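Heads up, the sequence shown is in our numbering, so the first residue is 79 and it goes up one at a time.
Heads up, the thing below is written out as structure tokens.
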Amino acid sequence: MKLPRGTEWMAHCLVALSACEDIGPLAKHTLAEMFDIPDAYLSKQLQQLVRAGIIRSSAGNRGGYFLARPASTVTLLDVIKTVQGDAPLFVCEEVRCRGIFTNDADAIRETGPCGIHHAMVEAENRWRDSLATVTVEALTQQIGEQGVTRMRDFARAQRAHQ
79 MKLPRGTEWM
89 AHCLVALSAC
99 EDIGPLAKHT
109 LAEMFDIPDA
119 YLSKQLQQLV
129 RAGIIRSSAG
139 NRGGYFLARP
149 ASTVTLLDVI
159 KTVQGDAPLF
169 VCEEVRCRGI
179 FTNDADAIRE
189 TGPCGIHHAM
199 VEAENRWRDS
209 LATVTVEALT
219 QQIGEQGVTR
229 MRDFARAQRA
239 HQ
């Protein structure tokens, strides 16, 4: 399974918004430069987070983006759903009903989903449940004081040039 790059990028941007919350909104170019993310791509992803109600934006010279909810209520699962959508990762194609089993397909389907289907759905549910417990607040704490200070210093320097 491969998640879109935007998943990691947006998670880091949310951590930066959390770490710099007391500074005020962060401009798009500040986030782009902080993580070396392409500006055009970042703009699209930030708008998705706005539409999802995870962040908000403010206009003006000192405008930018800020968390719309407490960091303790925003999870990695929220980020994944926003960037990738909520579609299941595993889509059963009923391969067991094709090829040499075509003539028995109806009888096979009547038995319900196969063990592979059950295992994949269970694994995905556990993965989602796990991501739902990882908050932006916890991720911000994990970068430590040095990481938070570095983000804040960079954000302050950027705001001074606005």
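Here a beta-carbon is modelled for each residue, glycine too, at the ideal position from N, C-alpha and C.
Because the structure is a prediction, the values reported are computed rather than measured.
Where do the ends of the beta strand (DSSP E) carrying residue i lie?
| i | result |
| --- | --- |
| Phe-144 | 142 to 145 |
| Arg-134 | 133 to 136 |
What does DSSP give as the partner residues of residue i in its beta bridges?
| i | result |
| --- | --- |
| Thr-153 | Thr-213 |
| Leu-104 | Tyr-143 |
Which residues bound the alpha helix (DSSP H) around residue i?
| i | result |
| --- | --- |
| Arg-174 | Run containing Arg-174: none; DSSP gives neither H nor E here. |
| Ile-186 | 183 to 188 |
| Lys-122 | 117 to 129 |
| Cys-91 | 83 to 97 |
| Lys-164 | Checking the sequence shown, residue 164 turns out to be Asp, not Lys. Careful: Asp-164 lies outside any alpha helix (DSSP H) and carries neither H nor E. |
| Asp-231 | 222 to 238 |
Cβ of residue i versus every heavy atom of the ligand FAD: is any distance shorter than 8 angstroms?
| i | result |
| --- | --- |
| Ala-94 | The ligand content of the structure shown is nil, which means the ligand FAD is not present either. |
Which whole-angstrom value is the C-beta distance of residue i and residue j, which I expect to be below 8 angstroms?
| i | j | result |
| --- | --- | --- |
| Arg-174 | Cys-192 | 6 angstroms |
| Ala-144 | Glu-99 | The sequence given here has Phe at residue 144, not Ala. Between Glu-99 and Phe-144 the Cβ distance is about 7 angstroms, and since that is below 8 angstroms, they are a contact. |
| Thr-160 | Gln-126 | 5 angstroms |
| Gln-240 | Ala-105 | 7 angstroms |
| Ala-149 | Ile-132 | With 8 angstroms as the limit, Ala-149 and Ile-132 do not qualify as a contact, their Cβ atoms being about 10 angstroms apart. |
| Thr-218 | Ser-96 | 4 angstroms |
| Ile-101 | Arg-228 | Incorrect: roughly 13 angstroms between the Cβ atoms, too far for contact. |
| Gly-142 | Thr-108 | 7 angstroms |
| Ile-158 | Leu-124 | Their Cβ separation, rounded to whole angstroms, is 16 angstroms, which puts Ile-158 and Leu-124 out of contact at 8 angstroms. |
Is there contact between the region 151 to 169 and the region 85 to 97, where contact requires at least three CB pairs shorter than 8 angstroms? Yes, since at least three Cβ pairs between the region 151 to 169 and the region 85 to 97 fall closer than 8 angstroms, the two stretches touch.
With a threshold of 8 angstroms, are at least 3 pairs of Cβ atoms found where one atom belongs to the region 179 to 186 and the other to the region 107 to 119? Result no; under three Cβ-Cβ pairs closer than 8 angstroms.
Is the region 164 to 171 touching the region 134 to 149 in the sense that three or more CB pairs, one from each, lie closer than 8 angstroms? No: the two stretches stay apart, fewer than three of their Cβ pairs being nearer than 8 angstroms.
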